[in-house]
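Peer 1:
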Amino acid sequence: MPPKGSKTSKTHAKVNAGRKGEQVVLLSGGNPQIAKGDGEGPVQAYIAAMPGWKRDLGQRLDALIVQNVPGVQKGVRWNSPFYGVEGQGWFVSFHVFTRYVKVTFFQGTSLRPVPPGGTPKSKDARWIDIYEDDQLNEAQLSKWIKQAAALPGWTP
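Shown next as structure tokens:
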């Protein structure tokens with residue numbers, strides 16, 4: 424156990440990610456630390472490690488994306504699940520924060536209506552922050568997911 428008062432003791436916790444004996448570190452804000460990887464496995468490990476109500480939301484977001492984008496490609500980058508279309512790049516990702524989950528559309532300024540989150544520094548990206556008591560507007564999210572998947576994606 425880290426010394427009392429150290430950064431590690433304040434910002435990290437370990438949770439079971441679903442595999443026998445495997446522990447995942449939760450970073451500041453409760454975001455799971457999952458190694459970079461492609462495919463279903465890393466994304467499902469991330470979702471399984473999401474704390475509390477956020478896990479159910481992560482499962483629902485994943486299901487909505489799969490339902491609306493046949494053949495979607497999945498991966499984990501920068502401790503977040505990414506979804507893309509082969510040959511086009513990534514179109515959406517989500518990330519856990521202390522009180523909400525941020526769903527980011529990389530070409531969000533091209534979506535109609537434009538998702539509400541954005542700053543002058545965010546360029547084309549737009550997002551929606553989903554809090555525990557929010558009603559998930561699955562119809563609008565599905566429209567944004569379909570629109571985003573049809574656009575050229577982001578390639579780092």
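In terms of the numbering used here, the sequence shown has 430 at position 7, counting the first letter as 1, and numbering is strictly consecutive. Every residue gets a Cβ at the ideal spot worked out from N, C-alpha and C, and that includes glycine. Being a predicted model, the structure only gives us computed values, none of them experimental.
1) Have a look at F520, W577, S565, G481 and flag the residue whose alpha-carbon is nearest the alpha-carbon of P493.
2) When you compare each of P455, K525, N502, G512 to Q496 by their alpha carbons, which one comes out closest?
3) Spatial neighbours of N454 within its chain, please: C-beta separation below 8 angstroms, excluding the five flanking residues on both sides.
4) From the DSSP output, read off the bridge partner residues of G512.
5) From Q490, G498, Y523, pick the residue whose C-alpha is nearest to that of W550; which is it?
6) State the DSSP-derived secondary structure class of K477, mapped to helix, strand or coil.
7) Which residue comes first and which comes last in the beta strand (DSSP E) that contains Q446?
8) Select from E555, W577, A562 the residue whose C-alpha is nearest the C-alpha of G475.
9) With 16 as the cutoff for other CB atoms within 10 Å, does G531 come out buried or exposed?
10) Between Q563 and P465, what straight-line distance do the alpha-carbon atoms span, to the nearest angstrom?
Peer 2: Put simply:
1) Scanning F520, W577, S565, G481 for the CA closest to the CA of P493 turns up S565.
2) G512
3) N502, S503, H518, V519, F520
4) Checking the DSSP bridge columns, you'll see G512 partnered with V508.
5) Y523
6) helix
7) 446–449
8) E555
9) buried
10) 27 angstroms
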